[in-house]
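Asker: Chains as they are written, first to last, in my numbering: chain X, 1 to 285; chain W, 286 to 850.
Built from N, CA and C at the ideal position, the CB exists for glycine as well.
I am attaching a structure below and will ask some questions about it afterwards.
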Amino acid sequence: MADVTLEHYKNDVERAWCPGCGNFGILNLLQKTLVSLGLPPQRVLLCSGIGQAPKIVHYLQANAFDGLHGRELASAQAAKMVADDLTVIVHAGDGGAYGEGGNHFLHAMRRNVDVTFVVHDNHIYGLTKGQASPTTEQGQKVAVHPDGVTALPMNPLALAISQSCSFVAQIIPSRPDHFQQVLSEAIRHPGFSYVNVLQPCVSWDFIHTYQYYQKHCYVLDETHDPYNQQQALSVALAADGRIPLGILYRNDRPALRPREVPGVGDLRACPDRAPRLQRVFDRFR
Amino acid sequence: MDISIRIAGAAGQGMQTAAEVLGRTLARAGLHAFIHQDIESRIRGGINFSQVRAGSAPVFAPTDRVDVLLAFTPESLRAFAAQAASGGLVFAAAPVQDVSAQPVHLGDIARAAGNEKTVSTVAAAIAACLLGVDEARMAEVLERRFSGAVLEANRKALSLSYEALRAQGLEGRFRLETFEKAPEGRLFVSGAQAAALGALAGGCTFMAAYPMSPATGIMAQLAELTHECGLWVEQAEDEIAAINMVAGASYAGARAMTATSGGGFALMTEGVSLLGMIESPAVIVVAQRPGPATGLPTRTAQGDLRLVLHAGHGQFARVILAPRTIAEAFEVTARAFDLAERFQIPAFVLTDQLLQDGQSIVEEWPIPPVRRCVLSGEEAERLEHYERYALTENGISPMALPGASRHLVVVDSDEHDTAGHLTEDAALSRAMAEKRLRKMATLAAEAPLPECTQHDPALPLVIAWGSSAPAVAEAIAMLAAEAGRPVCNLLQFVQLWPLPDLSRIPAFASASRRIVVEHGVGDGLAGLIAQTQIVRVDAAIGKLDGRPFTVEELAQRIRKEVFHG
Numbered sequence: 001m002a003d004v005t006l007e008h009y010k011n012d013v014e015r016a017w018c019p020g021c022g023n024f025g026i027l028n029l030l031q032k033t034l035v036s037l038g039l040p041p042q043r044v045l046l047c048s049g050i051g052q053a054p055k056i057v058h059y060l061q062a063n064a065f066d067g068l069h070g071r072e073l074a075s076a077q078a079a080k081m082v083a084d085d086l087t088v089i090v091h092a093g094d095g096g097a098y099g100e101g102g103n104h105f106l107h108a109m110r111r112n113v114d115v116t117f118v119v120h121d122n123h124i125y126g127l128t129k130g131q132a133s134p135t136t137e138q139g140q141k142v143a144v145h146p147d148g149v150t151a152l153p154m155n156p157l158a159l160a161i162s163q164s165c166s167f168v169a170q171i172i173p174s175r176p177d178h179f180q181q182v183l184s185e186a187i188r189h190p191g192f193s194y195v196n197v198l199q200p201c202v203s204w205d206f207i208h209t210y211q212y213y214q215k216h217c218y219v220l221d222e223t224h225d226p227y228n229q230q231q232a233l234s235v236a237l238a239a240d241g242r243i244p245l246g247i248l249y250r251n252d253r254p255a256l257r258p259r260e261v262p263g264v265g266d267l268r269a270c271p272d273r274a275p276r277l278q279r280v281f282d283r284f285r
Numbered sequence: 286m287d288i289s290i291r292i293a294g295a296a297g298q299g300m301q302t303a304a305e306v307l308g309r310t311l312a313r314a315g316l317h318a319f320i321h322q323d324i325e326s327r328i329r330g331g332i333n334f335s336q337v338r339a340g341s342a343p344v345f346a347p348t349d350r351v352d353v354l355l356a357f358t359p360e361s362l363r364a365f366a367a368q369a370a371s372g373g374l375v376f377a378a379a380p381v382q383d384v385s386a387q388p389v390h391l392g393d394i395a396r397a398a399g400n401e402k403t404v405s406t407v408a409a410a411i412a413a414c415l416l417g418v419d420e421a422r423m424a425e426v427l428e429r430r431f432s433g434a435v436l437e438a439n440r441k442a443l444s445l446s447y448e449a450l451r452a453q454g455l456e457g458r459f460r461l462e463t464f465e466k467a468p469e470g471r472l473f474v475s476g477a478q479a480a481a482l483g484a485l486a487g488g489c490t491f492m493a494a495y496p497m498s499p500a501t502g503i504m505a506q507l508a509e510l511t512h513e514c515g516l517w518v519e520q521a522e523d524e525i526a527a528i529n530m531v532a533g534a535s536y537a538g539a540r541a542m543t544a545t546s547g548g549g550f551a552l553m554t555e556g557v558s559l560l561g562m563i564e565s566p567a568v569i570v571v572a573q574r575p576g577p578a579t580g581l582p583t584r585t586a587q588g589d590l591r592l593v594l595h596a597g598h599g600q601f602a603r604v605i606l607a608p609r610t611i612a613e614a615f616e617v618t619a620r621a622f623d624l625a626e627r628f629q630i631p632a633f634v635l636t637d638q639l640l641q642d643g644q645s646i647v648e649e650w651p652i653p654p655v656r657r658c659v660l661s662g663e664e665a666e667r668l669e670h671y672e673r674y675a676l677t678e679n680g681i682s683p684m685a686l687p688g689a690s691r692h693l694v695v696v697d698s699d700e701h702d703t704a705g706h707l708t709e710d711a712a713l714s715r716a717m718a719e720k721r722l723r724k725m726a727t728l729a730a731e732a733p734l735p736e737c738t739q740h741d742p743a744l745p746l747v748i749a750w751g752s753s754a755p756a757v758a759e760a761i762a763m764l765a766a767e768a769g770r771p772v773c774n775l776l777q778f779v780q781l782w783p784l785p786d787l788s789r790i791p792a793f794a795s796a797s798r799r800i801v802v803e804h805g806v807g808d809g810l811a812g813l814i815a816q817t818q819i820v821r822v823d824a825a826i827g828k829l830d831g832r833p834f835t836v837e838e839l840a841q842r843i844r845k846e847v848f849h850g
C-alpha cells in the first residue's frame, strides 16, 4: 500500500453530532494520529458502544465494531486476543466507560490486553439529553437532578493509577499537538492504555467549556516521572483545581497476548484437530 | 442386566473419585456404565452420592434401585440403607448401631492400606469385585491416576478389598457378563467433557465464560487443553463481559463460545440480541438447573427452553439443540459450531446438571474436518467491492474478517446499511430487517424431523427431549415388555428450534393422546408444540425437586397417562 494519507481515512457518512461538538476535534486528531503512525485503515479496528462519542467509529474509514453500551471494552479485548495483528482502539463516553461499563474498565486494567481506551469525558450524558454522568460535579444541576447531583464524581485517573493500569493519560483536543503526541504514545504502548479526553459538551454543560479548560489545565512537564506511581497518584488526587494533561502514569508489565502462549497460535485459523484430539482421547481411557 | 451402586457420604470425602475409578475400570473390562451425581451446594459435609449403574449393555438413565450401597458416613448409611433392594448389599465405613451392614468395613481397609484417603479406591474395588471384574483392570486405572507412595497405598487398598470380599465369598456376587470385543475404542467421560471435546471438534478457538454450576466443567476442560489443542479460554469478569467477548472474538474470526446456567444466561440476554443484529456466529451452552433465581445450584432441570428461545429483544434467527446423552453432547456441540457459522447466528446447546456432571462410557467419536463458512483472505481480496451486510436471497451475507484483506469490515448494533454503518433510512431499515428474517425462513426449511417410533399411529405419543429422553425410552420399553406389545410411540427431539411441521409424522398427527415429559413445570416444549403445531398436548409429566427422573418413576407416571389418561 502507498503511503497512508488523510484521504485514506476520510468517508462521507453523515455526522450526527451537534454543531461545535468536541467530538469533531477528536475525530480530526484521531485521523491525523493514525496517519502519523503510518497505519493503513485495514490494520485498524475501532470498537465502540452507544452514545455520542461511540459514533466516531463510523466517521472514518477503518474496521469497526460498534457494539453495546458499556460493553465495548469486552468485545475489543477479545477481538485483539484473536486478531493480534490489528491495532485496536476503543472509543467510549464517560457514561459507557465509567457507568455502564465500569466493571469491564476495572478488569481490562488487570488483564492488560494491548488495546487503547479513549474516553470522551464530557461530564454529561449527551445522547439521552443531559443527565448526570459518573464524572458530573457534585451539586451541578442537570436533568433528573433538579436539586443538583448528590453523588461524588468519580476520579477515573486516580482509580486507574491505583490499579497499576499500564498507561494512564489525559488530553484535550484544544491542544492538538500535545493531543496527537500523547495519543500516538498510547497507541504504541504495548499493553492496555487508557486516555481520558476532556471534551466540552456544547449542548448540555455550560461549566466545562473550552474557556474553563483553558484556565484550569496544565501540561505535565519533565519533572513528572510517569513511572513513579506515588507521584502520579498525587497529581491525579490534587485538589488544587488544576487539571493535569499528559502521561500521568505508565509501567512496562507484559501484555496478555494469547497468540504468543505456547501451542495457542493464530485463533482465526481452524486447524485440523483430528490428530490432537486422538491424543487427548487417550486421557479418557 | 445391570447393577446399581450408590456411593454416599459427606461432600469432599471422595465419592466422585470412587465412581470415576470404578467407571474407568468398567470401561477397561468391556462393561458399560452411567453415573449421576446427587450433590449439595457445599464443599464439605451434608449427604451426597454418586450412583453408578453398571451394565453388560449400554445404560443411559438413572434408576431408583440400589443393589449395592457403599456409605462413607453414618448419616448417609441411615439415609439410604432401606433403599438397598432386597438381596442388595450394604457396606459402611465403620459399624453403626441398628443398621445392618456387611462385616467388611471401608475405613478398616483404608487404614490397613496405610492411608485413610484410599477409602475411595476401597469403595470402587468392592464394587468391581462384586461385579466380577478382574482386579488387574482397576490396577491399570490406579497406575494412570496415582504415583509414588500414594499409588502404593491405593494398590494395597485394592488388593486388601478383593481379599476381604473373597473371604466373605462375595467376589462376583453381581457378576456382569461381557459380550464385548476388546474395548480400546471406549472413552470414559462426563457430559461437560464430551461437550468440551465436541467444541474442539467443531473448531472452537475461543471461549469466554464466568464460572457457574453446572456449566463450569466445560470451561475447565477446555482451559486444560489450551496448549495441546490451540485455543484460548478467558475467564470473564461477569457473564455480560463473556458474551460480549464472544461477539468480539467471533467478529475477529475465531469460532467462539460461552457456557453458563440460567442466571448467568439471563445476564447475557442483551449480548444475544447483539449477536442477532451484527450476525456474528456464536455457540452458547446453557446448562440448566432449577430456578427461579439461585434455585438449586447443583441439581437438574429442563426449565429454560423458553428463556433461551425468547432471550434477546427484537427478532432474529437462532437454533436450539439439546443432546440426550453424553455421547450425543459431543456431536451436537460440534454441529452447533457449524450451524452458527453457516447461518451467522447464535446456536444454543441446552444441557443440564444430570448431563453435565454425569459420566458414561462412550464409543470414541469420529472427528470430521471443520468446514469454515467465512471468506478467506484470498477470497475476500478477489472481490472488487465488499459489504458485510450485502442483501442476499437466503439472508446470509458473505462474512469477511477484519484485517484479512483490503476490504474493511464494519458491524453495528444499530440498524445499519449494507456496509455496516448506522442508518435511519426507512426503506433500508426494512430491507435489513427482512434480510435477517429471511435467515429464519432458511433455517426453518432445514429443520430436521425428530426421531419417532413407527408403531400403530393411533397409539398415545410420548414426547421427550434432552437428558430425560433416555429414561423415558427405557421406561416405555419396560411398559412394552410388561404388556407384551407396544403401548405408545416415542418422539424424541434433539433440535428444539426451529421445529419442523410435525404433522408429517403419522404418530404425531394421529396420536390418541400427546404426553410431553420434561423436567420442570411442563411449560417448555409442551407449550411450544401446542403453539407452533396448533394441536393439544394432553398431559405434561414434570418434576420440581431438582432430582433426575428415574426409569421406575417414569414407567409409573407414563403408565398412568397411557392407560388411564
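Which partner residues of CYS47/X appear in the DSSP bridge assignment?
Answerer: PHE65/X and VAL90/X.
Asker: Whose CA, out of TRP650/W, ALA612/W, SER690/W and LEU436/W, lies closest to the CA of GLY470/W?
Answerer: Nearest option by C-alpha distance: TRP650/W.
Asker: Could you give the residue range of the beta strand (DSSP E) that holds VAL28/X?
Answerer: The sequence as given places Asn at residue 28/X; Val does not occur at that position. First-last for ASN28/X: 22 to 36, but that is the alpha helix (DSSP H), not the beta strand (DSSP E).
Asker: Hey, out of GLU678/W, ALA685/W, ASN679/W and GLY680/W, whose CA is closest to LEU668/W's CA?
Answerer: ALA685/W
Asker: For PRO742/W, collect the residues of the same chain with a Cβ closer than 6 Å to its Cβ; drop the 5 residues on either side in sequence, then sort them by chain order.
Answerer: PRO791, ALA792 and SER795
Asker: Look at the alpha carbon of ALA346/W and the alpha carbon of LEU722/W, and state the distance between them as a whole number of angstroms.
Answerer: 39 Å
Asker: Once the 5 residues before and after MET1/X are set aside, which same chain residues still bring their CB inside 7 Å of it?
Answerer: Below a pLDDT of 50, predicted positions are generally treated as unreliable, and MET1/X, at 48, falls in that range; the measurement from the model is reported next regardless. Closer than 7 Å at the Cβ level, and outside the excluded window around MET1/X, lie PRO40.
Asker: Cβ of PHE834/W less than 8 Å from any chain X Cβ?
Answerer: Chain X contact via Cβ: absent.
Asker: Would MET530/W pass as an interface residue toward chain X - the criterion being a Cβ-Cβ separation below 8 Å?
Answerer: Cβ-Cβ to chain X under 8 Å: yes for MET530/W.
Asker: For GLY130/X, tell me which candidate among SER203/X, SER234/X and ASN11/X has the shortest Cα-Cα distance.
Answerer: SER203/X
Asker: Going along chain W, which residues have a C-beta under 7 Å from SER75/X?
Answerer: ASN529, MET530, ALA532 and GLY533
Asker: Let me make sure I understand the geometry here. Which of GLY38/X, MET81/X and LEU73/X has the alpha-carbon closest to that of PRO54/X?
Answerer: LEU73/X
Asker: Closer than 6 Å by C-beta to ALA527/W: which residues in its own chain qualify, once you throw out the five before and the five after it? Chain order, please.
Answerer: ALA493, ALA494, TYR495, ALA521 and THR543
Asker: What does a CB cutoff of less than 6 Å around MET497/W pick up in its chain, not counting 5 residues either side in sequence?
Answerer: Excluding sequence positions up to five before and after MET497/W, its CB lies within less than 6 Å of the CB of THR545, SER546 and GLY549, all in the same chain and listed in chain order.
Asker: When the Cα atoms are used, what is the spatial distance from ASN228/X to LEU507/W?
Answerer: 40 Å
Asker: Given a cut-off of 8 Å, decide if VAL44/X and GLU86/X are closer than it, judged by their beta-carbon atoms.
Answerer: Glu is not the amino acid found at residue 86/X; the sequence shown has Leu there. Yes. Within cutoff.
Asker: Any heavy atom of the ligand GDP closer than 7 Å to the beta-carbon of ALA754/W?
Answerer: The ligand GDP is not among the ligands present in this structure, which contains no ligands whatsoever.
Asker: Assuming SER753/W and GLN644/W are in contact, meaning their beta carbons sit under 8 Å apart, how far apart are those beta carbons, in whole angstroms?
Answerer: Taking 8 Å as the upper bound for CB-CB distance, SER753/W and GLN644/W are not in contact here, some 17 Å apart.
Asker: Counting only beta-carbon atoms, is THR583/W nearer than 8 Å to chain X?
Answerer: no
Asker: Helix, strand or coil for SER289/W per DSSP?
Answerer: strand
Asker: Specify whether the stretch 480 to 488 of chain W and the stretch 611 to 620 of chain W touch according to this definition: at least 3 beta carbon pairs, one from each stretch, less than 8 Å apart.
Answerer: yes
Asker: Helix or strand or just coil, what does DSSP make of GLU14/X?
Answerer: coil
Asker: Beta strand (DSSP E) containing ILE243/X: first to last residue?
Answerer: 243 to 250
Asker: If we ignore side chains and look at the alpha-carbon of each, how far apart do LEU764/W and VAL772/W end up?
Answerer: 7 Å
Asker: Run the CB neighbour count on GLN780/W, radius 10 Å, all protein chains shown included, and call it buried at 16 or more, exposed below.
Answerer: buried
Asker: Is the separation between the beta-carbon of LEU746/W and that of ASN774/W shorter than 8 Å?
Answerer: yes
Asker: So the candidates are ILE124/X, PHE281/X and GLY96/X; which of them puts its Cα closest to the Cα of LEU510/W?
Answerer: Out of ILE124/X, PHE281/X and GLY96/X, the CA that lies nearest to the CA of LEU510/W is found in PHE281/X.
Asker: Name the two residues that bound the continuous alpha helix (DSSP H) containing GLU7/X.
Answerer: 6 to 9
Asker: Please name the residue in LEU355/W, HIS512/W, LEU307/W and CYS514/W whose C-alpha comes closest to that of GLU420/W.
Answerer: LEU307/W
Asker: When burial is assigned at 16 or more other CB atoms within 10 Å of the CB, is ASN529/W buried or exposed?
Answerer: buried
Asker: DSSP three-state call for ALA602/W: helix, strand or coil?
Answerer: coil
Asker: Between which two residues does the beta strand (DSSP E) carrying THR223/X extend?
Answerer: Unbroken run through THR223/X: none, as it is neither H nor E.
Asker: By the three-class DSSP mapping on this structure, what secondary structure does VAL772/W have?
Answerer: coil
Asker: Between VAL435/W, HIS390/W, PRO359/W and PHE628/W, which lies nearest to GLN453/W when the distance is taken from Cα to Cα?
Answerer: HIS390/W
Asker: With GLU663/W as the anchor, note down where its beta strand (DSSP E) starts and where it stops.
Answerer: No beta strand (DSSP E) holds GLU663/W; the alpha helix (DSSP H) holding it covers 662 to 667.
Asker: Alpha helix (DSSP H) containing VAL337/W: first to last residue?
Answerer: Looking at the DSSP string, VAL337/W is not in any alpha helix (DSSP H); the run it does join, the beta strand (DSSP E), is 330 to 340.
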